[in-house]
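K.L.:
Chains as they are written, first to last, in our numbering: chain A, 1 to 114; chain B, 1001 to 1111.
(1) Judging by CA-CA distance, which residue of 22/A, 113/A, 111/A, 4/A is the nearest neighbour of residue 67/A?
(2) Quick one: give me the first and last residue of the beta strand (DSSP E) that residue 1051/B is part of.
(3) Apply the 10 Å Cβ neighbour rule to residue 115/A and answer buried if 16 or more other Cβ atoms are within range, or exposed otherwise.
(4) Name the chain A residues that come within less than 7 Å of residue 1032/B, Cβ to Cβ?
(5) Can residue 46/A and residue 85/A be called in contact, C-beta distance under 8 Å?
(6) What residue ranges within the segment 1009-1081 of chain B form continuous beta strand (DSSP E) runs of no fewer than 3 residues, ordered along the chain?
(7) Taking only three categories from DSSP, how would you classify residue 1083/B?
(8) Check whether chain A comes within 8 Å of residue 1061/B, counting only Cβ atoms and requiring the distance to be less than that.
(9) So with CB distances below 7 Å, who are the chain A contacts of residue 968/B?
(10) Do we get a CB-CB distance below 8 Å when we pair residue 29/A with the residues of chain B?
(11) Hey, is residue 25/A's beta-carbon within less than 8 Å of any beta-carbon in chain B?
(12) When the Cα of residue 73/A is compared with those of 57/A, 53/A, 89/A, which residue comes out closest?
(13) In chain order, what residues of the same chain lie with their CB nearer than 7 Å to the CB of residue 1025/B, ignoring the 5 residues before and after it?
(14) Give a yes or no on whether 8 Å exceeds the smallest Cβ distance from residue 76/A to chain B.
(15) Taking all protein chains shown into account, do 16 or more other C-beta atoms lie within 10 angstroms of the C-beta of residue 1044/B, making it buried, or fewer, making it exposed?
(16) Smallest Cα separation from residue 26/A: which of 43/A, 104/A, 17/A?
Quick look at the structure:
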């Protein structure tokens, strides 16, 4: 079955710790995205990548980092510089690099502070 | 002013009702319009995708776009308890080069 797999489903972060969220897709999509979802707010774009070995900052990139070494993988690191990391993180992919085509989402990772 | 406005609800309706969910937007440059459904603790799933004014129907769902009024709607006919979820509108314009999401409307369909 083609799809997007995010892991872990739940993650806890201690003060001063970096944590990495995994996102893998087997849809052969070029573009991948990371969003943050907070209650009562729409999805906010953190980073996106249109092609392997290239990525761009979204609207709220501060305190986050990404890599895109393989087409199917786009991990997100939440660094200690992100002071309010508690949120639901969603990874998405799209066949279209320009963003016109719909994005398909994984089932998210919920990150909380210990 | 937000680029996309969506009433957060919650909207509570009886089973079998017709549901109308709406988004308004401010920038006439938006070209592509999507509706996603998101169940609790899950990722959004695409329901409808359209790029022109008018109606698009898929089963019990109808997406309506009125570009002159900058208004999009999703209608659900014969609503079911399984339709209980948050519905997100999403809009794309080449100028932004990204999807802009509404905040989502929570819908509860009770038996």
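Every residue, glycine too, gets a C-beta built ideally from N, C-alpha and C.
P.N.:
On the basis of the coordinates in this document:
(1) Of the candidates 22/A, 113/A, 111/A, 4/A, the one whose C-alpha sits nearest the C-alpha of residue 67/A is 22/A.
(2) That residue, residue 1051/B, is in no beta strand (DSSP E); it is neither H nor E in DSSP.
(3) Any answer about residue 115/A is impossible in this case: the structure gives chain A only from 1 up to 114.
(4) Residues of chain A passing the Cβ test: 100.
(5) no
(6) 1011-1014, 1019-1025, 1032-1038, 1045-1050, 1054-1058, 1061-1066, 1071-1076
(7) helix
(8) no
(9) The first residue shown for chain B is 1001 and the last is 1111, placing residue 968/B beyond what the model contains.
(10) no
(11) no
(12) 53/A
(13) If you ignore the 5 residues before and after residue 1025/B, its C-beta comes within less than 7 Å of the C-beta of 1003, 1004, 1070, 1091, all in its own chain and listed in chain order.
(14) no
(15) Residue 1044/B comes out buried.
(16) 104/A
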